[in-house]
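Comments concern the structure below.
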Amino acid sequence: MKHNNNSSLGAKLNPDQKWNQIKWAKVERFVLRLERSIAKAVEHHDFATVAKLRRIFRTSNNVRLLSVRKVTQDNRGKRTAGVDGKVITSEKDRWQLASNVSIDGKSNPLLRVWIPKSNSKELRPLGIPTIEDRVKQTMLKLEIEPIYEVQAEPNVYGFRPARSVHDAIEACFIAIGCKKEGAWVLEGDFSKFFDNINKEHMLKMIKSLGITDKETLQQVQAWIKSGVIDKDVFTKTDKGTPQGGVISPLLANIALHGMENMLHDWVDTWKGTKRSNHQSFSVIRYADDFVVIHKDQEVIEEAKQRIEEWLDNGVGVKLNQTKTKITHTTKGFDFLGFNVRQYRVNNGSKLKFLTKPSKDKVIAHMESIRQVTKTMRAVSTETLIDKLNPIITGWSNYYSSAASKKTLNWCDNQMFLKLWKWATRRHNDDHKSKRWIKNRYFKRIGTRNWVFATVDDKGKPIKWLKSHADTKIVRHVKVKGTKHVYDGDTIYWAKRNVRNPLLPTRVKKLLSKQKGICPYCSSPFKNDDIMEIDHIIPKSEGGKDIYQNLQLLHGHCHDSKTLDDNRRFEKELLTKSDWDFVK
Numbered sequence: 048m049k050h051n052n053n054s055s056l057g058a059k060l061n062p063d064q065k066w067n068q069i070k071w072a073k074v075e076r077f078v079l080r081l082e083r084s085i086a087k088a089v090e091h092h093d094f095a096t097v098a099k100l101r102r103i104f105r106t107s108n109n110v111r112l113l114s115v116r117k118v119t120q121d122n123r124g125k126r127t128a129g130v131d132g133k134v135i136t137s138e139k140d141r142w143q144l145a146s147n148v149s150i151d152g153k154s155n156p157l158l159r160v161w162i163p164k165s166n167s168k169e170l171r172p173l174g175i176p177t178i179e180d181r182v183k184q185t186m187l188k189l190e191i192e193p194i195y196e197v198q199a200e201p202n203v204y205g206f207r208p209a210r211s212v213h214d215a216i217e218a219c220f221i222a223i224g225c226k227k228e229g230a231w232v233l234e235g236d237f238s239k240f241f242d243n244i245n246k247e248h249m250l251k252m253i254k255s256l257g258i259t260d261k262e263t264l265q266q267v268q269a270w271i272k273s274g275v276i277d278k279d280v281f282t283k284t285d286k287g288t289p290q291g292g293v294i295s296p297l298l299a300n301i302a303l304h305g306m307e308n309m310l311h312d313w314v315d316t317w318k319g320t321k322r323s324n325h326q327s328f329s330v331i332r333y334a335d336d337f338v339v340i341h342k343d344q345e346v347i348e349e350a351k352q353r354i355e356e357w358l359d360n361g362v363g364v365k366l367n368q369t370k371t372k373i374t375h376t377t378k379g380f381d382f383l384g385f386n387v388r389q390y391r392v393n394n395g396s397k398l399k400f401l402t403k404p405s406k407d408k409v410i411a412h413m414e415s416i417r418q419v420t421k422t423m424r425a426v427s428t429e430t431l432i433d434k435l436n437p438i439i440t441g442w443s444n445y446y447s448s449a450a451s452k453k454t455l456n457w458c459d460n461q462m463f464l465k466l467w468k469w470a471t472r473r474h475n476d477d478h479k480s481k482r483w484i485k486n487r488y489f490k491r492i493g494t495r496n497w498v499f500a501t502v503d504d505k506g507k508p509i510k511w512l513k514s515h516a517d518t519k520i521v522r523h524v525k526v527k528g529t530k531h532v533y534d535g536d537t538i539y540w541a542k543r544n545v546r547n548p549l550l551p552t553r554v555k556k557l558l559s560k561q562k563g564i565c566p567y568c569s570s571p572f573k574n575d576d577i578m579e580i581d582h583i584i585p586k587s588e589g590g591k592d593i594y595q596n597l598q599l600l601h602g603h604c605h606d607s608k609t610l611d612d613n614r615r616f617e618k619e620l621l622t623k624s625d626w627d628f629v630k
């Protein structure tokens with residue numbers, strides 16, 4: 048395939064051109080076409096062509112422009128500065144950055160920040176690169192991700208485009224659901240996964256994928272050895288891929304590339320029973336969490352030893368012994384926020400496989416609702432509803448593919464108790480009756496009674512609290528293990544995007560209505576795009592919050608449209624003011 052390196056942009060970048068006037072659709076098509084060409088060459092083991100395409104990639108203005116836009120406009124951490132304190136907000140700065148940035152083997156130190164871990168008092172370290180380093184990382188990620196995706200092991204789901212937690216859980220369903228007598232499971236967790244990966248092992252695994260050019264290896268090594276600044280104190284680093292970098296998740300996956308294949312090669316020849324062991328053996332990994340499943344406990348125990356030996360062979364990562372354990376599917380185990388278990392039915396004669404929200408996640412969710420009602424005692428009913436609805440919808444959608452109906456009903460009961468407490472607390476001093484409180488805050492909407500809502504003077508509902516149990520339970524369809532987003536099958540990936548359980552209902556409906564196309568730039572939505580809901584007629588101009596007035600835009604397109612709307616509104620106000628003055 049022939050690639051025009053400076054398609055629609057000229058031989059040199061033109062800072063005099065308006066940033067928003069760049070033909071971004073052509074830029075994105077060029078980069079995607081180049082990524083697909085690299086992936087196709089890797090599939091044919093034509094690494095000479097891969098090297099040629101990567102040289103085009105490395106010198107492309109389109110790649111630099113797209114990388115700068117992703118970091119300074121699309122990314123929601125765009126206003127977070129690194130150690131240099133710089134953020135990029137103006138068109139002039141974006142043009143300058145795009146003109147000067149390159150893969151040069153250099154790196155600035157990381158800014159260390161600490162964030163709390165979920166359900167823990169411990170703090171997790173994040174390394175924040177400078178904007179320039181983030182652009183470099185994005186450029187290299189765009190370049191080498193197609194190479195990894197083609198060669199990636201089929202049951203690795205974390206930090207990969209168009210793969211999710213739900214694919215990993217569905218893989219568990221496939222691996223366990225067919226085992227009539229149950230199975231044994233190794234629940235594994237890597238200790239300080241990102242921080243301890245050995246530098247030499249990382250470079251070795253990058254080379255094993257056919258990425259052997261000096262520039263890439265030097266750049267990755269520079270990021271590993273960049274050091275961190277924590278409270279003005281510099282600390283050297285010589286291992287790991289710090290959390291917070293754009294390319295860190297991809298490098299972490301590359302570092303663990305080969306573990307699944309190693310285990311399958313071993314189990315193929317385990318005690319000479321090749322076929323039966325291989326068919327009932329599964330390895331499923333999501334980031335630093337993994338499970339190994341087999342019908343025989345002996346196989347699982349030896350698999351743990353094999354993994355430890357593989358990690359000891361220079362990887363630098365260890366198993367977290369407190370979180371790594373062996374259990375049986377009839378006892379159940381927690382994986383990625385789900386409880387995975389086989390239940391005995393028909394007086395114990397059969398096993399039924401179910402996934403449910405894990406107990407810890409349910410408790411954490413109800414605690415988040417309790418904190419909202421506790422801290423927002425004085426706000427209006429409408430404000431409380433606006434705060435709670437996204438929490439309820441997001442959590443319920445996440446578990447919409449599991450056997451969650453009973454759990455969702457229980458959450459609604461608990462939520463009612465918290466809302467009743469919130470309502471009665473507001474009227475302790477004026478001694479209102481329970482009937483008065485019920486009529487004031489809880490309404491009847493359709494067939495539902497006791498709905499926390501507000502109504503107008505005629506009793507018509509204005510706003511109401513969503514119910515957990517209203518969420519439809521739809522089984523998730525696992526991604527095909529051999530497919531990747533660079534294979535050119537746009538119809539397959541577009542359909543999966545619309546069915547993504549992590550997307551809010553409104554986003555799914557708008558995606559379907561718009562046939563996966565952003566109306567502002569006429570480009571299709573990709574799996575890693577930031578998507579935002581926009582009011583076609585802004586609320587400031589009387590636009591209503593109804594589907595006819597909503598559209599789904601890319602994050603950067605939404606920013607541009609908002610800027611255009613503000614400028615137009617200011618111009619109209621100015622014109623009106625001038626006319627009033629003349630009159």
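Residue numbers in the sequence shown follow this note's numbering, run continuously in steps of one, and reach 630 at the last position.
C-beta: ideal position from N, C-alpha, C; glycine also.
Since the model is a prediction, treat every value here as computed from it, not as a measurement.
Tell me the residue span of the alpha helix (DSSP H) that contains Leu464. Locating residue 464 in the sequence shown gives position 417, counting from the first residue. Residues 452-472.
Applying the 10 Å Cβ sphere with the 16-neighbour rule, what's the burial state of Asn109? Along the sequence shown, read from residue 1 onward, the residue named residue 109 stands at position 62. With 16 or more Cβ atoms within 10 Å of its Cβ, Asn109 is classed as buried.
Buried or exposed for His412, please, with buried defined as at least 16 other CB atoms from any protein chain shown within 10 angstroms of its CB. Here residue 412 corresponds to residue number 365 of the sequence shown, with the count starting at 1. Buried is the call here.
Among Tyr539, Pro163, Arg171, which has the Cα closest to the Cα of Gln290? One-based indexing of the sequence shown puts residue 290 at position 243. Nearest C-alpha to Gln290: Arg171.
Once you ignore the five residues that flank Asn53 on each side, which residues in its own chain have a CB closer than 7 Å to its CB? Against the sequence shown, residue 53 aligns to sequence position 6. Its pLDDT being 48, under 50, Asn53 is placed unreliably in this model, and the value from its coordinates should be taken loosely. The residues are Asn108.
Given a threshold of 16 other Cβ atoms within 10 Å of its Cβ, counted over all protein chains shown, does Asp336 qualify as buried or as exposed? Within the sequence shown, numbered from 1, the residue matching residue 336 stands at position 289. Its Cβ being crowded by 16 or more others within 10 Å, Asp336 is buried.
Applying the 10 Å Cβ sphere with the 16-neighbour rule, what's the burial state of Asp611? In the sequence shown, residue 611 corresponds to position 564, counting from 1. Exposed.
Would you mind stating whether Ser514 and Asp459 have Cβ atoms separated by less than 8 Å? Here residue 514 corresponds to residue number 467 of the sequence shown, with the count starting at 1. Here residue 459 corresponds to residue number 412 of the sequence shown, with the count starting at 1. Yes, the pair counts as a contact, with Cβ atoms nearer than the cut-off.
Rounded to the nearest angstrom, what separates Phe237 and Asn243 at their Cα positions? Residue mapping note: residue 237 aligns to position 190 of the sequence shown, counting from 1. Residue mapping note: residue 243 aligns to position 196 of the sequence shown, counting from 1. Looking at the two C-alpha atoms, the distance is approximately 10 Å.
So what does Met306 bridge to, in DSSP terms? Residue 306 sits at position 259 when you count from the first residue of the sequence shown. According to DSSP, Met306 bridges with nothing at all.
Less than 6 Å between C-beta atoms, sequence neighbours within five positions excluded: which residues of the same chain meet that for Thr537? The residue given as residue 537 occupies position 490 in the sequence shown. So no residue of the chain qualifies.
Please say whether Asn444 and Leu558 have beta carbons closer to each other than 8 Å? Counting from one through the sequence shown, the residue named residue 558 turns up at place 511. Counting from one through the sequence shown, the residue named residue 444 turns up at place 397. The answer is no: Cβ separation not under 8 Å.
Quick one: measure Cβ to Cβ for Lys403 and Phe380, integer angstroms, because I've assumed they're closer than 8 Å. Walking along the sequence shown from the start, residue 403 turns up at place 356. Walking along the sequence shown from the start, residue 380 turns up at place 333. Not a contact, Cβ separation roughly 12 Å.
Quick one, which of Phe94, Phe104, Lys133 has its alpha-carbon nearest Val197's? Position 150 of the sequence shown, counted from the start, is the residue given in the question as residue 197. Considering only alpha carbons, the answer is Phe94.
Mind checking whether Lys530 and Asp214 have CB atoms under 8 Å apart? Numbered from 1 along the sequence shown, position 483 holds the residue referred to as residue 530. Numbered from 1 along the sequence shown, position 167 holds the residue referred to as residue 214. In this structure, Asp214 does not lie closer than 8 Å to Lys530 by Cβ.
Per the DSSP calculation, Gly174 is bridged to which residue(s)? For the purposes of this step, residue 174 is taken as the residue at position 127 of the sequence shown. Paired residues: Arg159.
With distances taken from CA atoms, which of His375, Lys139, Arg76 is nearest Gln64? Against the sequence shown, residue 64 aligns to sequence position 17. Looking at the Cα atoms, Lys139 is the closest of the given residues.
Do Val275 and Thr284 come within 8 Å of each other at the CB atom, strictly closer than that value? Here the question's residue 284 lines up with position 237 in the sequence shown. Here the question's residue 275 lines up with position 228 in the sequence shown. Yes, Cβ-Cβ distance for Thr284 and Val275 is below 8 Å.
Our contact map puts Ile85 next to Arg101 with C-beta atoms below 8 Å; I'd like the distance itself, whole angstroms only. Position 38 of the sequence shown, counting from 1, holds the residue named residue 85. Position 54 of the sequence shown, counting from 1, holds the residue named residue 101. For Ile85 against Arg101, the beta-carbon gap comes to about 7 Å, under 8 Å, which counts as contact.
Just to check my reading of the structure: Ile223 and Ile331 have Cβ atoms closer than 8 Å, yes? What is that Cβ distance to the nearest angstrom? As a first step, residue 223 must be located in the sequence shown, where it is residue number 176. As a first step, residue 331 must be located in the sequence shown, where it is residue number 284. 10 Å between Cβ atoms; not a contact.
Given a threshold of 16 other Cβ atoms within 10 Å of its Cβ, counted over all protein chains shown, does Pro193 qualify as buried or as exposed? Working through the sequence shown from its first residue, we reach residue 193 at position 146. It is buried - the Cβ of Pro193 has at least 16 other Cβ atoms within 10 Å.
Do you know how far the Cα of Ile432 is from the Cα of Ile509? The residue given as residue 509 occupies position 462 in the sequence shown. The residue given as residue 432 occupies position 385 in the sequence shown. If I take the Cα positions, the gap works out to 11 Å.
Quick check on the burial criterion: 16 or more other C-beta atoms within 10 angstroms. Buried or exposed for Cys225? Translated into the one-based positions of the sequence shown, residue 225 becomes position 178. It is exposed - the Cβ of Cys225 has fewer than 16 other Cβ atoms within 10 Å.
What separation, rounded to the nearest whole angstrom, lies between the Cα atoms of Thr177 and Ser480? Here residue 177 corresponds to residue number 130 of the sequence shown, with the count starting at 1. Here residue 480 corresponds to residue number 433 of the sequence shown, with the count starting at 1. Their backbone Cα atoms lie some 59 Å apart in a straight line.
Can you tell which of Asn367, Asp343, Asn308 has its C-alpha closest to the C-alpha of Pro201? Translated into positions along the sequence shown, residue 201 becomes position 154. When only C-alpha atoms are compared, the closest one is Asn308.
Would the beta-carbon of Ser146 fall within 8 Å of that of Asp180? On the sequence shown, residue 146 is found 99 positions in, with the first residue counted as 1. On the sequence shown, residue 180 is found 133 positions in, with the first residue counted as 1. No. Outside cutoff.
Would you check if the stretch 266-280 and the stretch 239-256 touch, i.e. whether three or more CB-CB distances between them fall below 8 Å? yes
By how many angstroms is the C-alpha of Lys452 removed from the C-alpha of Leu398? To locate residue 398, count along the sequence shown from 1; it is residue 351. To locate residue 452, count along the sequence shown from 1; it is residue 405. Roughly 20 Å separates the two Cα atoms.
In angstroms, rounded to a whole number, what distance separates the CA positions of Glu228 and Asn367? For the purposes of this step, residue 228 is taken as residue 181 along the sequence shown, with counting starting at 1. For the purposes of this step, residue 367 is taken as residue 320 along the sequence shown, with counting starting at 1. In a straight line, the C-alpha of Glu228 is about 29 Å away from that of Asn367.
Roughly how far, in whole angstroms, is the beta-carbon of Asn300 from the beta-carbon of Val203, given that I think they are within contact range, below 8 Å? In the sequence shown, counting from the first residue as 1, residue 300 sits at position 253. In the sequence shown, counting from the first residue as 1, residue 203 sits at position 156. So it is a contact: roughly 6 Å between Cβ atoms.
Taking the DSSP output, what are the residues bridged to Met578? Against the sequence shown, residue 578 aligns to sequence position 531. Note: Met578 sits in a beta bridge opposite His601.
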